[in-house]
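Colleague:
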Amino acid sequence: MSHFFEVLLKFFGDRVKTDFPLAPLTTFGIGGPADYFVSIGNEEELDFAVSAARRAGTPVTALGFGSNVLISDLGARGLVFVLDGDFKKMFFEPGGCLKAGAGARLPKFVTFAAEQGRTGMEPLAGVPGTVGGGIFMNAGTREGEIKDHLKSVRVYSLQEGKFQDLSSSAIEFGYRRSSLQKGGHIIVSAIFDFPIANDKKEALDRIKRLMERRKATQPIDTKNVGSIFKNPPGDFAARLIEQAGLKGERRGGAVVSPIHANFIVNAGGAKAEDVLALAEKIKAVVLEKFGVSLEPEFRCLGEFQ
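So the number in the numbering used here is just where the residue sits in the sequence shown, counting from 1, plus 726.
In structure tokens, the structure reads:
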């Protein structure tokens, strides 16, 4: 038993696990184990876990809903944690702004805002993931992105070992990216400023329509991580992949969805290496046929050979 594990065990008790399987925590259902795993419920616990890891020289990784990540078959080294408890809370502050923990599910966040008579987040209806992951990736659709109504983000600085509040203007956002991807910070919560809806029912109806459109056009009942590639400027990755004749293409248990060409699904027993091999095949064929270099939208976590 390592000293680091003993330290965690004294603080978290049986909530801390070793050699913990990560695949069930991802929407792909793929991935090996974490050396150490714990569910963290508040800022005090987060500070303790990260500080202990820093003293032990152990890497730390925050895992959200596991909806935009491919975890290595070899797993992830060090401590992997999810944000639970206080980090899943959502409430309106006295000034009318909505505060949401980084662990709150995006679909619940979108619906909660609309139910409280606010508008602006409907375009994210059906987007899987957490508020923290959504900010990290600047989640969005053609109709809008999470940054559009973001006021500030509370983070934990890995370098300084303390919590900081960043205004949204201090963060650079782009298409499916933010400057927070450079590392060094763990997103813990965020504050949003939404306009009041003229008609609450209209906002909720829009969410329902967008959800129905997503169900009709995407393989949402399969194991996948959402879009595999970012849309190139002025075009759609799905159109290029479909035109390249790659729908149904397979590598091991990984298959290009016949419903939406920019989705790779785990059709059963897929390995991370299968997904990467299939993604590389798609990228090579699209580049050869159309001269377009597709950029992955998902992120890889863990050790890859």
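The beta carbon of each residue, even a glycine, is placed where N, CA and C say it ideally should be.
1. Can the beta-carbon of Pro1022 be found closer than 9 Å to that of Ala1005?
2. Since Thr787 sits in a beta bridge, which residues does DSSP pair it with?
3. May I ask which residues mark the beginning and end of the beta strand (DSSP E) holding Phe763?
4. Where do the ends of the beta strand (DSSP E) carrying Ser878 lie?
5. Check whether the stretch 911-924 and the stretch 950-959 are in contact - that is, three or more C-beta pairs closer than 8 Å.
6. In whole angstroms, what is the alpha-carbon distance linking Phe889 and Arg844?
7. Would you call the stretch 890-899 and the stretch 817-833 touching, i.e. three or more CB-CB distances under 8 Å?
8. Is DSSP giving Ile990 helix, strand or coil here?
9. Would you tell me roughly how many angstroms separate the C-alpha atoms of Ala788 and Val1001, rounded to the nearest one?
10. What separation, rounded to the nearest whole angstrom, lies between the Cα atoms of Ser728 and Pro785?
11. Would you grab the beta carbon distance between His1032 and Gln944 for me? Rounded to a whole angstrom, and I think it's under 8 Å.
12. Taking a contact to mean a Cβ-Cβ separation below 9 Å, would you say Gly801 touches Gly755 in this structure?
Modeller: Answer, in terms of the structure:
1. yes
2. Val806
3. 759-766
4. 876-883
5. no
6. 28 Å
7. no
8. strand
9. 22 Å
10. 15 Å
11. Since the first and last residues shown for the chain are 727 and 1031, residue 1032 lies out of range.
12. no
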